[in-house]
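Working notes, structure below.
In the UniProt record's numbering, the protein residues as written are 1 to 252.
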């Protein structure tokens, strides 16, 4: 583990990933960086914490069993009636993976499994869909208690039609989170609240405690149910959300 980076070094890294001079303001001029702390939660971020705000007593008494319950309960709280999980319709590619900890682990429903990077920073995950998608929500699971120095401190999100034209969307600063985080898109398209893209990139430039490799236990991509064809829905139901086959093929 190297020397601890100071705030100026971290800002320099983030500016290389998303140059402040090149950023265009969104329609609602929402900040390009969102600070996440589910023990505080202000008006702007409280709704992002699927598992709710952690009381101080809850945080102090958190156990591995309670963390696993938060993971599972968070999955059950997703709005499956109006949204469809399309994560398995994409091809997922990680910049590196430690043997036994592939990116598929972040797509299953097991709180004990996770993707772990195995290389130099920044780490990244790329998501390729076979066609342009209307994305209504992104979900990511973080646990500073479980993953400690493997917990990403920042997540930079990009979207586009391909890797070559993907544009920076937002940076998540994960200060203290033990649960699912929901990201929606009112700031980019307030009229329909959709992110329309065929490609996503998640970049992890730095971890807590200056950790080298990153853990990610859960990530999901949701589309509006009415936008998904019957054939797509039946395919997802047929193979299930945990199917390895669905992660290796895309719907044409």
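Note that beta-carbon positions come from the ideal geometry of N, C-alpha and C, so glycine has one too.
Simplified DSSP state of residue 131, which is helix, strand or coil: Within the chain shown, residue 131 is the residue found at index 131, counting from 1. Three-state result, residue 131: strand.
Check whether residue 213 and residue 150 have beta carbons under 8 Å apart: Here residue 213 refers to the residue found at position 213 of the chain shown. Here residue 150 refers to the residue found at position 150 of the chain shown. The answer is yes: Cβ separation under 8 Å.
Length of the line joining the Cα atoms of residue 94 and residue 125: Locating residue 94 in the chain shown gives position 94, where the first residue counts as 1. Locating residue 125 in the chain shown gives position 125, where the first residue counts as 1. One C-alpha to the other measures close to 4 Å.
Identified DSSP bridge partners for residue 33: Translated into the one-based positions of the chain shown, residue 33 becomes position 33. Residue 33 is bridged to 171.
7 Å Cβ shell around residue 144 - same chain, five flanking residues per side excluded: Within the chain shown, the letter at position 144 stands for residue 144. Within the same chain, residue 144 has close Cβ partners 151, 176, 177, 178, 208.
Alpha-carbon to alpha-carbon, residue 159 and residue 26: The residue labelled residue 26 in the question sits at position 26 within the chain shown. The residue labelled residue 159 in the question sits at position 159 within the chain shown. Unreliable placement is indicated for residue 26, whose pLDDT of 35 sits below 50; the coordinate value is still reported in the next sentence. Near 14 Å, if we compare the C-alpha coordinates of residue 159 and residue 26.
Residues that DSSP places opposite residue 49 in a beta bridge: Position 49 of the chain shown holds residue 49. According to DSSP, which records beta bridges pairwise, residue 49 is partnered with 181.
Same chain, Cβ closer than 8 Å to residue 132, five either side skipped, listed in chain order: As a working note, residue 132 is residue 132 in the chain shown. Around residue 132: 161, 196, 197, 198.
Selected residue, minimal CA-CA separation from residue 75, among 200, 110, 35: Translated into positions along the chain shown, residue 75 becomes position 75. Among 200, 110, 35, the Cα nearest to that of residue 75 is on 110.
Contacting residues, own chain, Cβ-Cβ under 8 Å from residue 219 (five flanking each side not counted): To locate residue 219, count along the chain shown from 1; it is residue 219. These residues qualify, in order along the chain: 87, 106, 107, 125, 138, 139, 140, 141, 202.
Chain-order list of residues whose beta-carbon lies under 6 Å from that of residue 37 (same chain, five-residue window excluded): Position 37 of the chain shown holds residue 37. So the qualifying residues of the chain are 175, 176.
First and last residue of the uninterrupted beta strand (DSSP E) at residue 195: On the chain shown, residue 195 is found 195 positions in, with the first residue counted as 1. 195 to 204 is the span of the beta strand (DSSP E), which, as asked, contains residue 195.
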